[in-house]
Structure formats: C-alpha cells, structure tokens
Amino acid sequence: METDNGQVLVNTKVAVHYVSIIFKNKRIMATSFVVVVLLAVFVALLSQPLYEAKSTVLIKMGREYLARPEIGERISAPTMAINQDGLISSELQILSSKELRDKVVKEITAYKLFPDLVAMTDVNVEDLAETRLEKTLKLNKVKNSNVIEIGYEHPDPEIAARVVNSFVDYFRDKHLQVFREPQSTFLQQQLEMYTEKLRASERELEVFKQENDVYSLGEQRTLLLQQKQELDAELKATDNQVRELQKKVIVLKGQLQTVYKSRDSYVPPERSFDIQDAKAKLLGLLLEEQRLAKKYTPSNKLIINSKNEIEIVKRYINDLETDANNKAKTGNQVYLDLYKDFLTSSASLQALVAKVTSVRAQLQEIKNSLASINRGEQQLENLKREKLMNEKNYQNYLDRVEESRMLEEMNRQKLANISVIQTAAVPVVPSTTSRVKIVAFGFVSGVFVAIGAAFLKEKSDQTFSTPEKVEVVSGLPVLVSIPYK
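This is the structure:
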C-alpha cells in the first residue's frame, strides 16, 4: 500500500514538473507557435494555385459479372459472381493499375504534367511522372453507393480536366479488355470442330443402322417378340394337327387293309371258281413235275415242258387275282371312301409337316434377329450417346459464337457497365485544398515546435526552479526556499 502511494506521489511530481515547464515558458511557446503558423500561412499564400478537376463514375451490375462457365453447358439463368463491395474493389484495382497512368503520361507528356522534370537528366521522366501521378491522383469511393470519384489537381486547369477525362476513357477501355470474352475466331474454330464431329457421329450411326438393319431397337424388339409369340402359338397348333393327322392316317391304313382283306365278298363267284380251278391245275402240274424229276434229268424235255406249263398257270392265277383285287376295290364304295379320305389326310399331313418346318425356320430367324439386336444394342447406345454429346457441344458453341459476336459488337461500341455521371470540366476557381493542407501542417508543426522550444529553454536554463533540483545538484538538504517573482 505504501509502495502504491509513493508511486502516485512520484507521478504527480513529474506531471507538476512538466506543467510548470509549460507555464514557465508560455511566452516562448506562444511566440514559436505563432511564428510557425504565420510562416505556413505565408507559404500557402505564395504557393502556386492548383485547380482540381473531378469526375464521378457509376459502376453498375452488368454483363461482365455474370457467372458464365468457360466449358460445358451454358447456364439458362446466370447469376452474379460478385457482390457490391467486391464489384467496387475490383474496379478500384483496375483504376489503380500502372498501365492506365502510363497511357495518360504518354498522351499528355511528362513535361506538361510536371514542368520541373525538364531540368532533370539521366532519369526516366515518364516513370518519374507516373510515380508522381500515382501520388497525386485521387480515387475515392462514395460511401453507400456504387460511385467512384476521380480527382486530380494541377496548376493548369485544362491539364487537370484532360488528365481526369483521359483516365476515365482509358479506364473504360481497360475494363472492357479485362472482362473480354474469348474471341469469336476461337469459338468459331471450336464450332467447326464440333460440327465435323457431329456429322461423323451421324454418319457412323447411319452406317451401323444400315449394316445391322437396326433403326428403333424398342419397336423392333417389340415387333419381333410379337411375331415370335404368334409363331410359337402357330407352331403348337400345327404340331397338334400333325399328331392328329398322323393318328388318322394310321387308322385309315388299318381300315383299308381290313377292307382289302375282305375283297372275296366283292368278287363274282365265277371268277372265284376260275381261280380255284387254276390253283388245282397248278397243284397237279407241280406234282407231275416232282414225279418226272425223279425219273429224268432237269434237262429232259418233259421236265422243261412241265415247268413251262407251271409258269403259264402261275401267270394266269396272278392275272385272275389282280383282276379280282381291282374289282374288289372299284366295286367297294366303303373302300373307295376310305382311300379318298386317306389320300386327303396324307396330303394334309405333308402340307402341315412342311408348314412346321417353315415356322421353325422363321422362329430361328427371329431368334437370330433378337440376338443380333441384343449384341448391337450397346454399340448403338454408344453411338447415340456420342451423337447426343456432339450435338450438345455443337449447340453450346453455336450459342457462344452468337453471344461472342454480340459482345464484340458491344465492346466496339464501348458498351459497358460503366456510366460517367459527371465528366471532368475545366475548373475556374483554384482549389483551396492544398493551401488548407499547408496551414494545417503549419498548425501541427507549430504545436510541436512550441513544445520543443519550451523544453530546450528549460534545458539551457542555469537556475533552479525547485528545491528538489537544488538538493539533487548540491547533495545538501534545503532548509528554506524563497520563491522568486
């Protein structure tokens, strides 16, 4: 606690000491302050008057800040890629570029901007003029707005106005250059490239369709499946008919054989007697031949004649039986009806068998077509996908070419999101800003000079202003102090 009180006491003494110095030397301080301020006023009055030209520029949310992808599909409703603060900051960066100052210096010349550069040698006057112009050019954003104020002071009012207006013109050109879209020649080359790609993909797709007889896979597959279903149903029905006719033909054959075996019922009796007599005659000849064969050799004339007679009787019997069979068939209406039905069924069976073969061949052809469609489906989809992609790229670059041509025309006409609210006019009245700055600088300098003079006077003074100072110098305690007035 005692330490804190001692520290406060020391600080109080120091403050009192400095205040006493100021009040002790107040005349010197006042004199120094007045002299410095008067000197600043004098310099301000004698300084060359400067004329300030100003121009205000409105920065709008224009086409330059729309978000447009460089590649890929275009955005139908592009949005702004920057906010208001970013917009003004970007434009201020363009305004602050060295390129603009260099162009202004080259247009007006460094010697007109700063006549004192004539006396300088061995220096690049344009670089020096650009550096000075950077320091003297004023770029200010108007608060709570999209407005930028450009100002410049110069002894020649016409030069001041010319600098500002030239700066604004170059700023507009630089702005258009910075935000310029890709050249339409490049986009035109891309458009031609994708045009060729689109045509090539169309040709490949058409050739594939013609070679594989493929046009609409969905419709073709549906049609083939319908045909396959119809042919399957037809094949089943035909197979059933074939089986039925096969059974019917077998039954008819059995019936014909049965009717044929009962032909004696339809042969006349006299014809039956002739056959029986002939067979009896044949039996007698055969017995005679056996008897002769026991007595004579085979080359004997009697045996030969016997064999000839036997052969004649056999032929006769065959003729009689054939005639009897014919008469049994032609004379039997049941047999005729059965035979007619048999022939009809056999013909129908052959036709159905041929139809089954044809239907199966058609089914196999349809299956092959379906397999071919399935094999070519992936390749067809790839060709379609490639064509669609090339078509999208073609349309995209076609739109970009048209847009680029429109933007280039707008750039040629210098249509931008920059509007000059006020063009810099030639100022008539000199600007007081520079003189006010000189006086303000003199005022501040006067304060510091006055304080410095007071402490300098105190430093050079040979008297003691306080008893403590006497004790410090002499090392002896002060018993009594008499104030000096």
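Those letters in the sequence shown? Residues 370 to 854, by the working numbering. Backbone N, C-alpha and C fix where the C-beta goes; we use that ideal spot for every residue, glycine too.
In this structure, E573 and L752 form a Cβ contact; the two beta carbons are roughly 6 Å apart against a cut-off of 8 Å. Contiguous alpha helix (DSSP H) elements confined to the stretch 497 to 556 occur at 526 to 547, taking only those with 4 or more residues. Each residue's CA atom was taken as its position, placing F402 and G815 some 4 Å apart. Less than 8 Å separates the beta-carbon of Y539 from that of L469. Of the other Cβ atoms in all chains shown, fewer than 16 fall within 10 Å of the Cβ of N743; this residue is therefore exposed. For V487, no alpha helix (DSSP H) run applies, since DSSP gives it neither H nor E. Going by beta carbons, V722 and E603 fall outside the 8 Å limit.
With a beta-carbon spacing of about 11 Å, L661 and I679 fall beyond the 8 Å limit used to define contacts. For the 8 Å CB-CB criterion, S570 and E734 do not form a contact. Under the DSSP definition of a beta bridge, Y420 partners with H523. Linking D706 to K736 through their CA atoms gives a straight-line distance of about 44 Å. Residue pairing by DSSP places T425 opposite E518, Q791 in a beta bridge. If you check the CB distance, I428 and I519 do not come in under 8 Å. Contact annotation: L497 and L482 have beta-carbon atoms that are not nearer than 8 Å.
The beta carbon of I787 sits closer than 7 Å to the beta carbons of V426, I428, R541, H544 from its chain, once the five residues preceding and following it are set aside; these are given in chain order.
Annotation for V473: the continuous alpha helix (DSSP H) segment containing it runs 467 to 477. For the pair Q615 and E750, the Cα-to-Cα distance works out to about 50 Å. Under the three-state reduction of DSSP, N737 is assigned to helix. Burial state of Y480 is exposed, judged by a 10 Å Cβ sphere holding fewer than 16 other Cβ atoms.
The shortest C-alpha to C-alpha distance from D525 to any of N669, P796, F810, S738 is the one to P796. For G623, the number of other beta carbons within 10 angstroms of its own is below 16, and it is reported as exposed. Taking M562 as reference, the option from V611, M398, N759 with the minimal CA-CA separation is N759. Here the C-alpha atom of L464 lies approximately 8 Å from the C-alpha atom of L508. Excluding its 5 nearest sequence neighbours in each direction, L408 has C-beta neighbours in its own chain below 8 Å: G811, listed in chain order. Here the alpha carbons of E575 and Q764 stand approximately 21 Å from one another.
Rounded to the nearest whole angstrom, the CA to CA distance from I528 to K472 is 15 Å. Per the C-alpha coordinates, the member of K467, L600, L506 positioned closest to A730 is L600. In the assembly as shown, E565 is an exposed residue. Its beta-carbon has fewer than 16 other beta-carbons within 10 Å. For S668, the three-state secondary structure derived from DSSP is coil. Within the same chain, and ignoring the five residues on either side of L593 in sequence, the residues whose Cβ sits closer than 8 Å to its Cβ are I735, S738, L739, I742. The distance from the Cβ of M489 to that of A819 is about 38 Å, inconsistent with a contact at the 8 Å cut-off.
When secondary structure is reduced to three states using DSSP, V611 falls in the helix class.
For A422 and Q791, the gap between their C-alpha atoms comes out near 11 Å.
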